[in-house]
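Structure first, commentary second.
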Amino acid sequence: MTNDNIAKKLKDFLLNIECLSPLEKSSFNIFDVLKIARTEIRHSNVLAWLLNPNENHGFGKAFIARLNSYIAKDGLVTDDVAFKLLTMKYSDIVVYREWQNIDILIESQKEKYILCIENKVDSQDHDGQLDKYYNVIEDKYPEFTKIYLYLTPEGLAPLQDSNSAWGCIKYETIIRIIETELEKAIYDSETVNFIRSYLNTLRRETMENNEIIELCQQIYAEHKEALDLIFENRPDRLQNVSEFFKDWCKKQHEKGLIYLDEEKCSKSYIRFRTPFTKKFPLR
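Letter by letter, the sequence shown follows residues 412 to 694 of the working numbering.
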């Protein structure tokens, strides 16, 4: 490709630079600002808050009822338990965080109902923790209806679950539950905007966004030569750091403080000796 052709490809790309606008982050997101978008404990805190009918989010039992409805319809429980979930009351729900190290534990004494959620974002179960949680719950609530959910971005099965008690659920389900309830919000509020920020974070961090993938592929197809050229000539941080330290070593060499061997330097390492080590032969 000639220089004129290269210049034209780059010019065409720059003239159509607005094609990148949909990929840019334009709205304020508290989770991005606080850098907690993939922090597992923060996700569990927000989920516990949403699933608690007594909290101040203003949605009452909506989120937990919607989750129970999903559990009932998705075949994660028997028909008898499904009927119970679809008809239960939520007057005495209590939500615990990190009780006995369990991420989220939801309890109703009146309904004799327990929902146990183990949340994994960037990790997997380990050290038999699911079996430990199962045994703790079974011992404490022998007469209760107990549901165990293993929540991951992809809906993966646990590595260790000797009781086969844990049903798999992925974050896409949580996203749909939140979306469904947010659509019913009749006006914006600080709480609604906070939940929307959380929803956007979940979409971006735990789901594969097909729209973004298709858009990137379309932009690349239209501007392949220009983008390849830009990528090939992107700033090389390692080279920049290497040059910086090589310049510093040259100055120290000129002062007689070190002995720089430029011929044996590369981008990955810089070879020099001090007056003391110069006494010893190189190997």
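Yeah, the Cβ is synthetic: ideal placement off N, Cα and C, and Gly gets one too.
Coarse secondary structure for K675, derived from DSSP in three states: helix
Proximity below 8 angstroms, CB of T552 to CB of I525: The amino acid occupying residue 552 in the given sequence is Tyr; Thr does not appear at that position. In this structure, I525 lies closer than 8 angstroms to Y552 by Cβ.
Cα-Cα separation between G539 and D572, rounded to whole angstroms: 8 angstroms
Sequence-distant residues of its chain with Cβ nearer than 7 angstroms to C676 (five each side left out): The residues are K657 and R682.
DSSP three-state assignment for L445, whether helix, strand or coil: Any answer about L445 is weak, because its pLDDT of 47 lies below 50 and its placement is not dependable; what the coordinates show is given next. DSSP places L445 outside both helix and strand once states are collapsed to three, so it counts as coil.
Contact check, I580 vs L593, beta carbons under 8 angstroms: no
Identity of the residue in S480, D491 and V506 nearest L497 by Cα: S480
Between the CA atoms of L649 and N456 - distance to the nearest angstrom: 39 angstroms
Beta-carbon contacts of I589 that lie in its chain and below 8 angstroms, excluding the five residues immediately before and after: L461, F474, I606, Y609, L610 and L613
Member of F687, R477, N604 and V652 whose CA lies at the smallest distance from the CA of Y680: V652
Cα-Cα separation between K484 and L458, rounded to whole angstroms: 21 angstroms
Beta-carbon proximity list for T584, same chain, < 7 angstroms, skipping 5 on both sides: Around T584, the same chain offers Y481 as residues with beta carbons nearer than 7 angstroms, after the five sequence neighbours per side are excluded.
Local conformation of N456 per DSSP, three classes: When secondary structure is reduced to three states using DSSP, N456 falls in the helix class.
Rounded C-alpha distance that separates H669 from C660: Checking the displayed sequence, the identity of residue 669 turns out to be Ile instead of His. If you take the alpha carbons of I669 and C660, they lie about 7 angstroms apart.
Own chain residues within Cβ distance below 6 angstroms of Y501, not counting five before or after: Hits under 6 angstroms: P464 and K472.
CA-to-CA distance, R453 to I447, given in whole angstroms: Confidence is the limiting factor: at I447 the pLDDT is only 47, short of 50, which leaves the residue's position unreliable and the question unanswerable from this model.
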